[in-house]
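Worksheet: one structure, shown below.
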Amino acid sequence: MSDPAIKTLDEIILAEPRGFCAGVDRAIEIVERAIAKFGAPIYVRHEIVHNTYVVNELKAKGAIFIEELSDVPPGATLVFSAHGVSKAVQQEARDRGFDIFDATCPLVTKVHVEVAKLAKEGYEFIMIGHKGHPEVEGTMGQLSSGIHLVEDVEDVARVQPAQVEKLAVVTQTTLSVDDAAEISAAVRARFPLVREPKQQDICYATQNRQDAVKIMSPQVDLVIVVGSPTSSNSNRLRELAQRLGTESYMVDSAAELRAEWFEGKSRIGLTAGASAPEVLVREVIDRIRALGAVSVRKMDGIEETIKFPLPKGLKLDDIAPPGHIS
Ligand code: SF4
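Residue numbers (our numbering): 537 to 862.
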């Protein structure tokens, strides 16, 4: 007879919301529609969204992912990724004469617009974000100077703006809400006149997925996050669960799940980053069921209804993208 003190795999609890956000949906649709309208290949600067499965599916449909615009042939159609690009990249793409579709998430564009507007008024900026992330490079690249990156509270103590009267703070959209609040507080403490965005720059999708993990984590023995290693918001979900005291792993696909993670665990929490498609969540559920889970329960959570319009040239025509990734 089994020892009742030893837990056995029982239930999967699905976080709500999880997975694709409106910006990711739109970015993928832009590439699919561009391929349908103009034919393959369509060039995409950087991974359209940070997910291996999505990128491979689009490659199979005719997308070519590049980092340098010099790798795009003249006359080609080029899509900018959801993370956004710097002014220099925009200019280079125009100079090279490409047909451009911009899949930058409108919530990233909103930050770019704010930076440009305040820069005209003489503001300098402190950007809270992760060095090297393409969104941070794109936002910092909206200006040629006067934007200083801080990654943590220690950086806030070190940053040296040229003046402190006109200083504004902006953040990467996919940060840990709690870390960003702590860093913002340090910025306010050091620069009391700093101007903060009316609405935080961290996007609704990041906020909602983190809130769901906060509710789910205490109810489960293990949290699995579906997401690619390059996905900022997916990494933040795994860290958050871990910080809340729940063992947590991030997997790019069901094949990465390890049976030993589930030993002695009864309830498994499952979520997915904003760039991870539901098909991968389904595969992870099947694998955990095969390991012994008997039921799947969806958490109550916010229903997201936001949808962003497609860019001109891709929305008016009736191009049905074949086999949209979901
Ligand atoms: S995670 Fe947020 S900022 Fe990024 S694409 Fe989705 S909605 Fe836009």
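Positions of the beta carbon are idealized from the N, C-alpha and C atoms, including for glycine.
An exposed status is given to residue 667, since fewer than 16 other beta-carbon atoms sit within 10 Å of its beta-carbon. Runs of the beta strand (DSSP E) lying entirely within the segment 662 to 694 and spanning at least 3 residues, in chain order: 683 to 686. Burial state of residue 805 is buried, judged by a 10 Å Cβ sphere holding 16 or more other Cβ atoms. Judged by their CB atoms, residue 671 and residue 708 are nearer to each other than the 7 angstroms cut-off.
In terms of Cα proximity to residue 754, the closest of 556, 627, 784 is 784.
According to DSSP, residue pairing for residue 547 in a beta bridge involves 803, 831.
Taking all protein chains shown into account, residue 831 has fewer than 16 neighbouring C-beta atoms within 10 Å of its C-beta and is therefore exposed. Relative to ligand 1, residue 698 has its C-beta separated by 6 angstroms or more from all heavy atoms. Inter-residue distance for residue 626 and residue 638 is about 10 angstroms (C-alpha atoms, whole angstroms).
Spanning the alpha carbons of residue 646 and residue 545 requires a straight line of approximately 44 angstroms. DSSP places residue 731 in the strand class (E or B) of the three-state scheme. With a cutoff of 6 angstroms, residue 559 counts as near ligand 1, since its C-beta is closer than that to a heavy atom of the ligand. Listed as beta-bridge partners of residue 581 by DSSP are 602, 616.
When 683, 555, 654, 691 are compared, the shortest CA-CA separation from residue 661 is found for 683. Distance from the CA of residue 739 to the CA of residue 710, rounded to the nearest whole angstrom, comes to 7 angstroms. Residue 786 is a Cβ neighbour of residue 774, given a cutoff of 7 angstroms. If only uninterrupted alpha helix (DSSP H) runs of at least 4 residues are considered, those enclosed by the segment 701 to 777 are 713 to 726, 740 to 752. Residue state for residue 558 is assigned as helix, using DSSP reduced to three classes.
Across the structure, residue 704 and residue 727 are spaced so that their CA atoms are roughly 10 angstroms apart. For residue 635, the uninterrupted beta strand (DSSP E) segment begins and ends at 635 to 638. Not one heavy atom of ligand 1 lies closer than 6 angstroms to the C-beta of residue 544.
Looking at 566, 716, 657, the one whose alpha-carbon comes closest to that of residue 685 is 716. By the C-beta density criterion, residue 807 is buried, having at least 16 other C-beta atoms within 10 angstroms.
Per DSSP, the unbroken beta strand (DSSP E) holding residue 785 starts and ends at 783 to 787. Rounded to whole angstroms, the gap between the alpha carbons of residue 610 and residue 752 is 50 angstroms. Distance between residue 576 and residue 564, taken at the CA atoms: about 15 angstroms. In the structure shown, residue 819 adopts helical secondary structure according to DSSP, grouped into three states. Within the same chain, 567, 578, 580 come within 6 angstroms of residue 599 by CB-CB distance, once the 5 residues on both sides are set aside. Comparing alpha carbon positions, the residue from 688, 669, 659, 664 closest to residue 679 is 659. Here the alpha carbons of residue 656 and residue 690 stand approximately 29 angstroms from one another.
Using a cutoff of 6 angstroms, the CB of residue 766 does not count as near ligand 1, since none of the ligand's heavy atoms is closer than that. Taking C-alpha positions only, residue 791 is separated from residue 702 by approximately 51 angstroms.
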